[in-house]
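Number of protein chains: 2
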Amino acid sequence: MLRSCTAGLRSIWALRGRREGAPRLSTDLQPARRLFSTEKVIHKDWALPNPSWSKDLKLLFDQFMKKCEDGSWERLPSYKRRSTQESEDFTTYFLDPKLGEEERLSQAQLFTRGFEDGLGFEYVIFKNNDEKRTVCLFQGGPYLQGVPGLLHGGAMATMIDIALGSCTGGAVMTANLNINFKRPVPLCSVVVINSQLDKLEGRKLFLSCNVRSVDEKTLYSEATGLFIKVDPEKRST
Amino acid sequence: MLRSCTAGLRSIWALRGRREGAPRLSTDLQPARRLFSTEKVIHKDWALPNPSWSKDLKLLFDQFMKKCEDGSWERLPSYKRRSTQESEDFTTYFLDPKLGEEERLSQAQLFTRGFEDGLGFEYVIFKNNDEKRTVCLFQGGPYLQGVPGLLHGGAMATMIDIALGSCTGGAVMTANLNINFKRPVPLCSVVVINSQLDKLEGRKLFLSCNVRSVDEKTLYSEATGLFIKVDPEKRST
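Same order as they appear, the protein sequences are chains A and B.
In this text, residue positions in the first sequence follow the UniProt record's numbering: the first is 1, and each later residue adds one.
In this text, residue positions in the second sequence follow the UniProt record's numbering: the first is 1, and each later residue adds one.
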C-alpha cells in the first residue's frame, strides 16, 4: 500500500519533470534521503522572520527576542524535518523496518512547513523552561482558509497540537486534544497561543492553552491536551 | 494588519515573478477574485481519483460509487473555494465589510486543497442522507508528516473536522472537537472515517466519528464534535 502510494507520486513527478510544477520537491528530496545516513544535513531554521510576516508578528517576535537575552526565555528553532537522533527514536518505537521507512520518508516533511513563505503556517515558539510554558506567535496564511475569510478549524487545531507539544520537551505523542472554538480567527491575522504544562503523571503530560488576539482582548480558543512520552527502549505493540 | 499581510505576500510574489517559484498562485488568483462579481467561475472538483491515489483508495472509491447508483449514497464534490452563495452567507454573518474582504480573499483557498496532487490531503466523502452519516476515504501524503513516517496529529484533526462537518449539511461552524488518538497513522496509508449525526438541539449538532484502517482491524482515532448552524439572517456579535 505504501509502496503503491510512493510509486504513484513518483510517476506524477516524472511526468511533470523537475522544472515544471514540482520545483520544491527536487531540492527537498535530498536532505530526507540522508536522514538515516552519516552524511551531514544542513537544515534551515524556519522560525525566523521572512517578508510575509506582518508588522504585528515582527513586533511580537522582537519583544520576545529581547526576553531571551537574560536566558529566561529561548526561541525554539523549527525545521521541515526532525533531527536524525529524534527520527531514530521514533523509528525504533513506531515503525516496522519491513515497511521500508527510508523509501517512505524520502519525500516527507513537517506538515506545517510544506507551504511557500506566507501562504501557510508562519510561526515561532518561545519557551520559558522555569515556568514550564511556551508562547507561540502564529500568522495563518491564505492557503489555510476554512469558511471564507476565516482560518480553518483544522489549521487552528494543528497549531494547538504543536503549541501544546512544545511544552513537553523530548519525544511525545498526542493522546487527546479537546478544543473549544470560541470565535473564528480572521485569515492572515496574528494570534498568540499561551501553553502550559499542568500536570505530569509518569509518562502522561497534561497540558492546556488559550489562543488570543495580539491585544489579548479576543479569546479565540481554549484547549487541553494529553501527551504521552515515547520510550525509545520499548516498541509499541 | 490584514492589509499589511496581503501587501507582504504580494511583494514576495512580485519579486519571484510568475514563472519562477509560485506557479500555482498565478492561476489560482483568478477565480477567487471573481467570488463577489457576476462573472462565471468554473470550479474543478477535487474529490475524484488522480494518479497519486493508491490501489486501496481507488478500490474503495469504486465500491462507494457503486453504492451511489441506487441513490442511497451520494459523492460530495470538493472545491478549493466555496460556492458564491455560501461565501455570501458567511460573509454576511462573520465579516466586517470595512475590512475589505475581497482583497483578503483574493489569494485564499481551502486549507486541504492547497497541495499538489498526492503531497497533501487526498480524500473523498460519501453521504447517506437517510442514515445521517458519511464515509470519508482519506490518504495523507508525505507533506503531512508529524513524527517521522507518521501522519501529523493536526492533519488527522483537520480531516476529522471536515468529516464531521460533512454530516451536518449547510453552513456550520465547529464549536468543539474532542479527539482521542489511539494509534498513529502511517504516512501515505489510507484510512476510513465513519461519521454520524447523534443529536440535534436547535442550532446545535452533536456528531461523532471513528478512524479505521481499510481492513477495519485498526482503530486509529475516535472523536466527538459540536457544530453550530450559521444563521445568515443574524450577524455574530
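C-beta: ideal position from N, C-alpha, C; glycine also.
Which of helix, strand or coil does DSSP assign to residue i?
i	result
Asp215 (chain B)	coil
Asp231 (chain B)	coil
Phe187 (chain A)	Reading the sequence as shown, one finds Leu at residue 187 (chain A) and not Phe. Three-state DSSP puts Leu187 (chain A) in coil, outside helix and strand.
Leu48 (chain B)	coil
Lys80 (chain B)	coil
Lys55 (chain B)	helix
Lys67 (chain A)	helix
Lys204 (chain A)	strand
Glu74 (chain B)	strand
Thr27 (chain B)	Since pLDDT at Thr27 (chain B) reaches only 32, below the 50 mark, its modelled position is unreliable, and the value read off the structure follows with that caveat. Here Thr27 (chain B) sits in helix by DSSP.
Whose Cβ in chain A lies nearer than 9 Å to the Cβ of residue i?
i	result
Asp161 (chain B)	Gly146, His152, Gly153, Gly154, Ala157
Ile179 (chain B)	Ala157, Thr174, Asn176, Leu177, Asn178, Ile179
List the residues of chain B whose Cβ lies closer than 8 Å to the Cβ of residue i, in chain order.
i	result
Gln109 (chain A)	Pro142, Tyr143, Gln145
Could you name the residues of chain A that residue i contacts, counting a contact when the two beta carbons are closer than 8 Å?
i	result
Phe138 (chain B)	The contacting residues do not exist; Phe138 (chain B) stays about 12 Å from chain A at best.
Just tell me which of the options has its CA closest to the CA of residue i.
i	options	result
Asp130 (chain A)	A:Arg203, A:Arg81, A:Gly169, A:Leu57	A:Gly169
Glu222 (chain B)	B:Gly202, B:Thr174, B:Cys188, B:Pro184	B:Pro184
Val214 (chain A)	A:Leu60, A:Pro49, A:Asn50	A:Leu60
Arg81 (chain B)	B:Trp73, B:Met65, B:Lys66, B:Gln109	B:Gln109
Asp161 (chain A)	A:Glu201, A:Thr112, A:Thr218, A:Glu74	A:Thr112
Lys204 (chain B)	B:Gly140, B:Pro186, B:Asp231, B:Ile125	B:Asp231
Ile228 (chain B)	B:Phe206, B:Val211, B:Gln63	B:Phe206
Lys148 (chain A)	B:Gly149, B:Leu76, B:Gln107, B:Cys209	The question names Lys, but residue 148 (chain A) in the sequence shown is Pro. It is B:Gln107.
Phe126 (chain B)	B:Leu200, B:Glu216, B:Gln196, B:Thr224	B:Gln196
residue 270 (chain B)	B:Val211, B:Thr134, B:Leu76	With chain B covering only 1 through 237, there is no way to say anything about residue 270 (chain B).
Gly140 (chain A)	A:Lys44, A:His43, A:Trp53	A:Trp53
Ser72 (chain B)	B:Leu187, B:Pro49, B:Lys132	B:Lys132
Gly202 (chain B)	B:Leu151, B:Lys66, B:Val172	B:Val172
residue 248 (chain A)	A:Lys58, A:Glu74, A:Tyr79	Residue 248 (chain A) lies beyond the stretch modelled for chain A, which goes from 1 to 237, so this question has no answer here.
Val190 (chain A)	A:Leu48, A:Lys44, A:Leu57, A:His43	A:Leu57
Tyr123 (chain A)	A:Glu216, A:Tyr220, A:Cys188	A:Cys188
Gly120 (chain B)	A:Cys136, A:Tyr143, A:Phe181	A:Tyr143
Leu177 (chain A)	B:Thr224, B:Pro186, B:Gly114	B:Thr224
Leu48 (chain B)	B:Leu151, B:Gln63, B:Lys67, B:Pro77	B:Pro77
Phe138 (chain A)	A:Lys44, A:Lys55, A:His43	A:Lys55
Asp198 (chain B)	B:Leu226, B:Ala157, B:Gly153	B:Leu226
Glu69 (chain A)	A:Gly118, A:His43, A:Asn128	A:Asn128
Lys217 (chain B)	B:Val192, B:Ser208, B:Ala175, B:Leu200	B:Val192
Ser166 (chain A)	A:Lys66, A:Cys136, A:Glu116, A:Pro186	A:Cys136
His43 (chain A)	A:Asn50, A:Tyr79, A:Pro51, A:Lys67	A:Tyr79
Trp46 (chain A)	A:Asn180, A:Leu200, A:Lys67, A:Phe115	A:Phe115
Ala175 (chain B)	A:Thr174, A:Leu164, A:Ala175, A:Ala157	A:Ala157
Ala163 (chain B)	B:Phe181, B:Cys209, B:Tyr220	B:Cys209
Lys182 (chain B)	B:Tyr220, B:Met65, B:Leu151, B:Asp62	B:Tyr220
Pro186 (chain A)	A:Leu151, A:Met65, A:Asn50, A:Asn180	A:Leu151
Gly146 (chain B)	A:Gln145, A:Gly146, A:Gly118, A:Met159	A:Met159
So with CB distances below 7 Å, who are the chain A contacts of residue i?
i	result
Leu200 (chain B)	Per Cβ cutoff of 7 Å: no residues; Leu200 (chain B) is ~19 Å from chain A at best.
Going along the chain, which unbroken runs of the alpha helix (DSSP H) with 4 or more residues stay wholly within the stretch 105-179 of chain A? Under the rule that a run must span 4 or more residues, the alpha helix (DSSP H) segments found entirely inside the stretch 105-179 of chain A read 153-165.
Cβ-based contacts, 8 Å cut-off: residues of the stretch 111-124 of chain A near chain B: Answer set for the stretch 111-124 of chain A: Phe111, Thr112, Gly114, Phe115, Glu116, Asp117, Gly118, Leu119, Gly120.
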